[in-house]
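Number of protein chains: 2
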Amino acid sequence: MSRNTTLHADTDAPPITAELARFVATHPSRGWSDAVEHEAHRTFVNWLGCAIGGSRHEATDAALAAVQMLEPSAQAAVLGRRERVDMAGAALVNGIASHVFDFDDTHLRTIIHPAGPVASAALALAERRGSSGRVLVDSIVLGIDVACRMGNVIYPQHYDRGWHITGSTGMLGAAAACARLLGLDAHRTTMALGIAASQPVGLREQFGTMTKPLHPGAAARAGLVSALLASRGFTASPRALEAPRGFAQVVSTKFDWSEATDALGERFEIAFNTYKPFACGIVIHPTIDAAVQLRARGVRAEAIDRVELLVHPLVLELTGKKEPADGLQAKFSVYHGFAAGLIVGRAGEDEFADALVRRDDVVALRRRVQATASDAIDEASADVTVWLRDGRREHVFVEHAIGSLQRPMQDTDLAAKFAALVEPVLGAGGVEPLLESGWSLAQAADVDALVARAVPAL
Amino acid sequence: MSRNTTLHADTDAPPITAELARFVATHPSRGWSDAVEHEAHRTFVNWLGCAIGGSRHEATDAALAAVQMLEPSAQAAVLGRRERVDMAGAALVNGIASHVFDFDDTHLRTIIHPAGPVASAALALAERRGSSGRVLVDSIVLGIDVACRMGNVIYPQHYDRGWHITGSTGMLGAAAACARLLGLDAHRTTMALGIAASQPVGLREQFGTMTKPLHPGAAARAGLVSALLASRGFTASPRALEAPRGFAQVVSTKFDWSEATDALGERFEIAFNTYKPFACGIVIHPTIDAAVQLRARGVRAEAIDRVELLVHPLVLELTGKKEPADGLQAKFSVYHGFAAGLIVGRAGEDEFADALVRRDDVVALRRRVQATASDAIDEASADVTVWLRDGRREHVFVEHAIGSLQRPMQDTDLAAKFAALVEPVLGAGGVEPLLESGWSLAQAADVDALVARAVPAL
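From first to last, the protein sequence lines stand for chains G and Z. Here our numbering runs 6 ahead of the position in the first sequence, where the first position is 1. Here our numbering runs 6 ahead of the position in the second sequence, where the first position is 1.
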């Protein structure tokens, strides 16, 4: 009772909880550039594909089985599946599914994967409420803005401390999006953010387990329920984000308040979202990109004598596994990344299946790759030279891999990624109609048609 | 991707997640002294009274209304009410109700209020599963042991940092209790604790808002769902509590691992649980206790000329409000505490109602109290001298207030507190049968009769 110590305290923090809430509650619908509007659709399509692709993963199965123990009502769809659960359960399970392949979007400055918490909560609520696509897009843009801005406030010290920032800011983004969908006023939106502030989710120690994808799912759920509570008059501190014993000062030692509100309503963080072209850690991406480019030039595995790969030392430190035994190990093998890229021409989840990792031609090519670490080359780059059996030589230098801000995935790339994720779940005929619903989301009177296309036919 | 910094890291922490899980999974039923067994029943009865007493608070109303938006199935009772919701919703709402009066139990060493998260989750799951009272008591003893031991590991730095420790350790206690109720083996219990470790709930900034009682409720819910997930094969890090980027090292700068496992299975933290006799901050308790003692000696308000109150300076710093305008302010008035104790003979939630706070005789007595701060007197004590109009003098020195470990509430005190909380909700006839069910919990074949007595008759 007598303890008043705080390790560090900024008692003069500006009222960012209230300012962000007012922004979320009052910013005009579609109050941004065409580029931001387009990026919102790209974010949604990428998230939708990832969630459907991950819908049959054992983590998704286990989470859905647990939710079923609550005998939920059938308010909202589990994407890619026939089951329906209450909207909070749907936010949880879809959030898990969308992150389980580590294939979702990235706000590079904070390494937040923002769509998982935000879109998973927003779509479930929108389905239940019969919201228009327009309102849903608005809520996703604003929710992602809140999550990523709060990430900017506390990153990197927050992440360094051990928080999985996607889940530990995602509940704020989800609460903001759901408050907007519910039409809450500025005061109740402040309460929603405040309630969510008490529920950060995610420890980095969980990486490599099912609890990693739980983080965006549980954050989606917490944010959605926070908004529901606020809509019913539940209260929280109006300074929950910035007070000395509020969110930012409790979970980080850095809190740059200006990041919360600088150019608010002018600069949108969703504009800086990126999408993974390959289902593995980002340091392997330049090498896979180079392999795909070599394949496009006509280089075939059987014609290769040897491969010289020049990469930053960190690449080998993190992904230097020479002889991966299975798909999980292959995600940490730049050698496998090269082989998959050259032989298959892509590196989606299928290219990290155990069978492919063990296939003779893949193993043989992997063994012909020599990787050398060099401080002279950037983490984001790869320098690849291939000596062919006929004596010729091919060289590719990738400065920025496909999927980076400098070389973003084109819409056609996203469509191809979407198809690869969705087809195994919904069949070939299911891809195009759903993709069309995704690209035209803002025009939809409600989300029913999209949701109907996002689950298997009876 | 390249960042490997940690601010502080103990990479050699013992495997406390697995050790606590093995303990929870394998410790024999009723494997403790009669005193511990009795304290478990006292903890349960006190929690049950608080939850029913708080069942009509506006925070409980708002939370239940939000849960109803999910159209939950009717798996478990909302205590003190007719509504039934799914077990996770019941854990949430009952956890909120039990803490909303700030009248629940306290593990003094960590100021954790352990029953809120643990019993709220455990009773909801026990009702759904048809568990025996014996299994429920076992789960509460073990769950509270896990939460308070983890509190001992990280307190006080964790609390000083700004965490509301009841919710930020409570999800571990709830997960442990529910894992025990579900009969999970040591491995799956490890997973349940690991899943829960990613979901700490609670910022001290929320004190004074409805989100404060949300903390035990949301922790109960998170712990219950973590155990359900583990029961379905969901995985987490087996070192989620102790790893460098695991729970303890992320949320505190102190981690005394020995606290987790020293005398595990011999010393039970529930043995150190205490119960508030008065519905206000603990520093006022010695003064109220003195007033109640004076009343018992026959001292009446109208006979009092003046009162001299000698207390530790902190008491006036925290509760020095001389003229409280309403019930909320009265909780921060040692003057009101004395007046209520002397005039009514108790200081439950009713004695902090606006009407009583403003009653003429209460106001008049309050104004006759002179409080003096002195460093010579302990925080836990109060020295009270009353000068009567007839010239006589009465003096009481309270070294340790009723409700402290040194002067614990007797079972009869707890029964009186229970009656005062429950009667307004269930009626006079509802108190004794339910109290009997509480005291005999371990003998019950299932919890159905108790639950039926804990809700209003149709």
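Note that CB positions come from ideal geometry on N, CA and C, so glycine has one too.
- By the 16-neighbour rule on beta-carbons within 10 angstroms, Z:Asp417 is exposed.
- With respect to chain Z, the C-beta atom of G:Trp169 has a partner C-beta closer than 8 Å.
- For G:Met415 and G:Thr280, the gap between their C-alpha atoms comes out near 8 Å.
- A contact is defined here as three or more CB-CB pairs under 8 Å, and the segment 59–71 of chain Z meets this definition with respect to the segment 212–222 of chain Z.
- For the segment 84–108 of chain G, the residues whose beta carbon sits under 7 Å from a beta carbon of chain Z are, in order, Asp92, Met93, Ala94.
- Annotated three-state conformation of Z:Arg306 is coil, per DSSP.
- With respect to chain Z, the C-beta atom of G:Phe253 has a partner C-beta closer than 8 Å.
- Counting along the chain, Z:Gln74 sits inside the alpha helix (DSSP H) bounded by residues 64–74.
- DSSP, reduced to helix, strand and coil, places G:Gly347 within a helical segment of the structure shown.
- Beta-bridge partners assigned by DSSP to Z:His113: Z:Ile118, Z:Asn279.
- Using a Cβ-Cβ cut-off of 8 Å, Z:Leu220 counts as an interface residue toward chain G, since at least one Cβ of chain G sits closer than that to its own.
- About 4 Å separates the Cβ atoms of G:Val313 and G:Val375, confirming a contact at the 8 Å cut-off.
- By a beta-carbon distance limit of 8 Å, G:Ala180 contacts G:Ala127. Their separation comes to about 4 Å.
- In this structure, G:Gln299 sits away from G:Val428, with a CB-CB distance that is not shorter than 8 Å.
- Three or more Cβ pairs closer than 8 Å define a contact, and the segment 11–31 of chain Z meets that threshold against the segment 240–256 of chain Z.
- Scanning chain G for C-beta atoms nearer than 7 Å to the C-beta of Z:Ile201 yields Thr217, Leu220, reported in chain order.
- Taking 3 residues as the minimum length, the beta strand (DSSP E) runs contained wholly in the segment 239–291 of chain Z are 279–281, in order along the chain.
- With its beta carbon less than 8 Å from one in chain G, Z:Met75 belongs to the interface.
- Think of a sphere of 9 Å around the beta carbon of G:Leu316: no beta carbon from chain Z falls inside it, the nearest being about 18 Å out.
- For G:His105, the enclosing alpha helix (DSSP H) stretches over residues 93–105.
- G:Leu447 is outside the set of residues whose beta carbon lies under 8 Å from a beta carbon in chain Z.
- Here G:Ala377 is bridged, per DSSP, to G:Leu315.
- By the Cβ-count criterion, Z:His105 is buried, with 16 or more other Cβ atoms from all chains shown falling within 10 Å of its own Cβ.
- In terms of beta-carbon proximity, G:Glu211 lines the interface with chain Z, with at least one pair separated by less than 8 Å.
- With its beta carbon less than 8 Å from one in chain Z, G:Ser204 belongs to the interface.
- The C-beta of G:Arg245 comes closer than 8 Å to at least one C-beta of chain Z.
- Beta-carbon to beta-carbon, G:Arg459 and G:Leu447 are separated by about 12 Å, too far to satisfy the 8 Å threshold.
- Taken through DSSP and simplified to helix, strand or coil, Z:Leu394 comes out as strand.
- Under the three-state reduction of DSSP, G:Ser339 is assigned to strand.
- The closest CA to that of G:Gln205, considering only G:Leu324, G:Val256, G:Leu334, is found on G:Val256.
- By DSSP's assignment, Z:Trp169 forms a beta bridge with Z:Leu209.
- Take Z:Ser79, set aside five residues on each side of it, and the residues of its chain with a beta-carbon closer than 6 Å to its own are Asp92, in chain order.
- For Z:Gly409, no CB of chain G lies under 8 Å from its own CB, so it is not counted at the interface with that chain.
- In this structure, DSSP gives Z:Glu385 a state outside helix and strand, which the three-state scheme calls coil.
- Under the 8 Å criterion on CB atoms, Z:Val256 is classed as interfacial with respect to chain G.
- DSSP places Z:Arg399 in the uninterrupted beta strand (DSSP E) bounded by 399–404.
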